[in-house]
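Residue numbers (UniProt numbering): 1 to 259. For every residue, glycine included, the Cβ atom is placed at its ideal position computed from N, Cα and C. Structure first, then comments.
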């Protein structure tokens, strides 16, 4: 029957190979079990900090070819102004197997080539004007895809449930907060807001697609990251219009006043 073992290290006991193997395998097995339901993509972390000439990619976890990889430290990448669209990607190199380790190296690269190989993942994209600075202090949800001088994470593939990668949780959390600020009364909006704000990882793609198509009165369809973002912006615009005109959606709250 399945058994969970935890090594006990006490004075006078002999250190056994089996105990060391248990220490080696436990974190790997735990990581594999925790990430098993997710598709390939960014699981958590790899957030980007911006300074005047340096991008810092922080540590995180990705899933590639069904295997979860821990990126244990931050990496700094120098960047400069350019009139070209630029993508920041992570390259997963083939594993190097020695007698002591299986070693997988990760390379971060800025390039104007937007064609990703199967062993590469996008972390961000931007287009920087000469003399300008990169920013990620978005003014609203639409600002995530501003062409110049803005870090765009809309196109990144985050590991999702259901076998499909999803959109960045930074995008969906921002959407939820903006929706709540605009005091939506739509029940679908309220439900999705609580779900999005309660998640630290990417939400299931199908949930977003079904919410969007229901909210905008469309037939269900698969949506790209760009289409998801555009649709979420449209919903924000719709909520603002409903708030100005006082028009309640059919799924919003209603009051009946009887004289």
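Judged by their CB atoms, residue 130 and residue 81 are nearer to each other than the 7 Å cut-off. Beyond the five residues adjoining it in sequence on each side, residue 128 comes within less than 8 Å, by CB distance, of 79, 80, 81, 82, 86, 134, 148, 149 in the same chain, given in chain order.
Taking each of 215, 224, 201 in turn and checking the Cα distance to residue 35, the smallest one comes out for 201. Each residue's CA atom was taken as its position, placing residue 99 and residue 8 some 27 Å apart.
Out of 71, 197, 221, 137, the CA that lies nearest to the CA of residue 107 is found in 71. Between residue 38 and residue 59, the gap from beta carbon to beta carbon reaches 7 Å or more. Contact annotation: residue 140 and residue 153 have beta-carbon atoms that are not nearer than 7 Å. Going by DSSP, residue 180 is part of the alpha helix (DSSP H) stretching over 169 to 181. Put simply, the backbone Cα of residue 66 is about 29 Å away from that of residue 192. Two segments are said to touch when three or more pairs of C-beta atoms, one from each, lie closer than 8 Å; by this definition the segment 16 to 32 does not touch the segment 42 to 57.
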